[in-house]
Amino acid sequence: MPKITGSGTGDAGSKGDAGAVGGSAILGQLIGDSEDRSGDPKWTTLERKEARLRADQLSDLADLRRHLSAHRRDRSEIITDNTLIRVAVDLLLKGHARRLHGDTEEALLHSVLPRRRAAAQQEEASSEMAEQK
């Protein structure tokens, strides 16, 4: 299964055994090991895929990356924006694919978001539109 990268901070691969996170061989297979058997960094084994993200997504992604990086104990693998994008893609494909439905980006998003969060985002968007008028 090809891995997907998106725009944002590039992966700078690191040495370590992140595939054994939590001792789970299944998780290691899902996310791939930090290095393949040849000793190459993980990022060199991934397929390139460009994605266009909104400014707020890029900013929030960078904030999340910085927060996670500052609060982690195991520093054997670098966490990049691309790392988080791959986690999000796996979460969508493995955890929410059956719930995904709709004809627009907004409808697709609302189909997988918990209802409370979707309602809160809709209220926020309505408030922003009212402020712009």
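Residue numbers (the numbering used here): 172 to 304.
We put the beta carbon where it would ideally sit given N, CA and C, even for glycine.
Considering only C-alpha positions, which residue in the set the options is nearest to residue i?
i    : options                   : result
L224 : R246, R269, I256 and D274 : I256
L284 : Q303, G266 and R244       : G266
Starting from residue i, trace the alpha helix (DSSP H) both ways and give me its first and last residue.
i    : result
A222 : Element bounds for A222: n/a, residue is neither H nor E.
L235 : A226 to A241
E277 : E276 to V283
D252 : D252 to L262
State the CB to CB distance for the pair residue i and residue j, rounded to an integer number of angstroms; the pair is presumed to be in contact (CB under 8 angstroms).
i    : j    : result
L264 : G273 : Going by Cβ atoms, the distance from L264 to G273 rounds to 16 angstroms, so no, they are not a contact pair.
R236 : D252 : 6 angstroms
R270 : S282 : 6 angstroms
I250 : L239 : 6 angstroms
7 angstroms is my cut-off, CB to CB: does residue i come that close to chain D?
i    : result
S209 : This model lacks chain D altogether; it includes just one protein chain.
Buried or exposed for residue i, please, with buried defined as at least 16 other CB atoms from any protein chain shown within 10 angstroms of its CB.
i    : result
E277 : exposed
T176 : With a pLDDT of only 42 at T176, under the threshold of 50, the placement of this residue in the model should not be trusted; the figure read from the coordinates follows. By the 10 Å Cβ count, T176 comes out buried.
E248 : buried
Checklist entry - Looking at C-beta atoms only, is the number of pairs between the stretch 228 to 237 and the stretch 246 to 260 that lie closer than 8 angstroms three or more? => result Taking 8 angstroms as the limit for Cβ pairs, the verdict is that the stretch 246 to 260 does touch the stretch 228 to 237.
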